[in-house]
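Residue numbers (the numbering used here): 1 to 164.
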Amino acid sequence: MEIRSATVQDVEPMQRLIQHFAQEGLMLPRSDRSLYEHLQCFVVATHEGQLLGTAGLHILWRDLAEIRSLAVHPSAQGQGIGRRIVENLTERAKNLGIAQVLSLTYQTEFFTKLQFATVQKESLPHKIWKDCIHCKKFYHCDEVAMVYYTQTASRIETENALTV
Ligand SMILES: CC(C)(COP(=O)(O)OP(=O)(O)OC[C@H]1O[C@@H](n2cnc3c(N)ncnc32)[C@H](O)[C@@H]1OP(=O)(O)O)[C@@H](O)C(=O)NCCC(=O)NCCS
Numbered sequence: 001m002e003i004r005s006a007t008v009q010d011v012e013p014m015q016r017l018i019q020h021f022a023q024e025g026l027m028l029p030r031s032d033r034s035l036y037e038h039l040q041c042f043v044v045a046t047h048e049g050q051l052l053g054t055a056g057l058h059i060l061w062r063d064l065a066e067i068r069s070l071a072v073h074p075s076a077q078g079q080g081i082g083r084r085i086v087e088n089l090t091e092r093a094k095n096l097g098i099a100q101v102l103s104l105t106y107q108t109e110f111f112t113k114l115q116f117a118t119v120q121k122e123s124l125p126h127k128i129w130k131d132c133i134h135c136k137k138f139y140h141c142d143e144v145a146m147v148y149y150t151q152t153a154s155r156i157e158t159e160n161a162l163t164v
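Now the structure itself:
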């Protein structure tokens, strides 16, 4: 199984997978146009040419990125694929110098295992709710906000200290 950047050839199976979970109310649906526009944010997990999972890392601000549309094919769940996708994206955030990675989710036990911590939604910057206005749950959102700290801040401070 490999985790790699998504390509245009992945868009159709990505959309089918996301749509499957969107119908169950677990995530927002995504149009193919939205997937093409944000394709550079996405990674996919594949095995022998089959798409097993996907997710995107969307940069929201200087110190905050969000994992969106995380989906592992029902037949491939429980094998560590979701973990590897999320670890890949948190590593990308760290390399970009972004201190915090957010997930708005119902999968709190999964994200807790990956060192995400629950935060008050009210503590998050208002700009992150921009896309939520398209959600039918906008007025009664019951997703939990969870944040992972990449420790990039301390790394940058250490690097600066070394170069003084
Ligand atoms: C949530 C999801 C991405 C997890 O992917 P996965 O590949 O099945 O998860 P993993 O196998 O990598 O699990 C990693 C750990 O989390 C645990 N875990 C995974 N899903 C869990 C759940 N629903 N409840 C409790 N623990 C869970 C696993 O047991 C594993 O623990 P371990 O490391 O101690 O063995 C997948 O179930 C999924 O696509 N769900 C439907 C869509 C969805 O809800 N997406 C999230 C949107 S934010």
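Don't be surprised by glycine CBs; every beta carbon is placed ideally from N, CA and C.
What first and last residue would you give for the alpha helix (DSSP H) that runs through THR108? 108 to 113
Run of the alpha helix (DSSP H) containing SER34, from where it starts to where it stops: 32 to 37
Starting from the N-terminal side, write out each stretch of the alpha helix (DSSP H) that is 4 residues or longer and does not extend beyond the region 24 to 104. 32 to 37, 81 to 95
Mind checking which residues open and close the beta strand (DSSP E) that includes ALA145? 144 to 149
According to DSSP, is ALA22 part of a helix, a strand, or is it coil? helix
Nearest to ARG62 by CA position, among ASN95, ALA99, GLU87, is which residue? ALA99
Would you be able to state if there are at least three C-beta pairs under 8 Å between the region 80 to 87 and the region 23 to 38? no
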